[in-house]
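A.B. asks:
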Amino acid sequence: MGSSGQGRLTETCCPVINLLTTSDHALAYQRKHGLDGFVLTLSEAVEAGTLAFGDLLHPSAPTT
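Numbering-wise (numbering that gives the first Met the number 0), the sequence shown opens with residue 0 and increments by one.
#1: Given this structure, state the Cα-to-Cα distance separating H32 from A25, to the nearest angstrom.
#2: Near V38, what residues of its chain come up, given a Cβ to Cβ distance below 6 Å and the 5 sequence neighbours on each side ignored?
#3: L26 lies in the alpha helix (DSSP H); which residues open and close that run?
#4: Rounded to whole angstroms, what's the CA-CA distance from I16 to T49? Just pull it up for me.
#5: Can the beta-carbon of L19 be found closer than 8 Å to that of Y28?
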């Protein structure tokens, strides 16, 4: 998971995130489209997504 970049998270991460059903499909997709990168398991993807988007999914309680 990258930790640097400029711009909003949705603009810097979302264009390069693809969700496919199996690792074989993911590897075939990479080959077909000439992409670099790595394939995550579902558990790894959930963990990475939580790190990247967790605050958006579960924002802190408002302070009063």
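Glycine residues also receive a C-beta, built at the ideal position from the N, C-alpha and C atoms.
C.D. replies: Looking at the atomic coordinates:
#1: 11 Å
#2: S22, A25
#3: 22-32
#4: 14 Å
#5: yes
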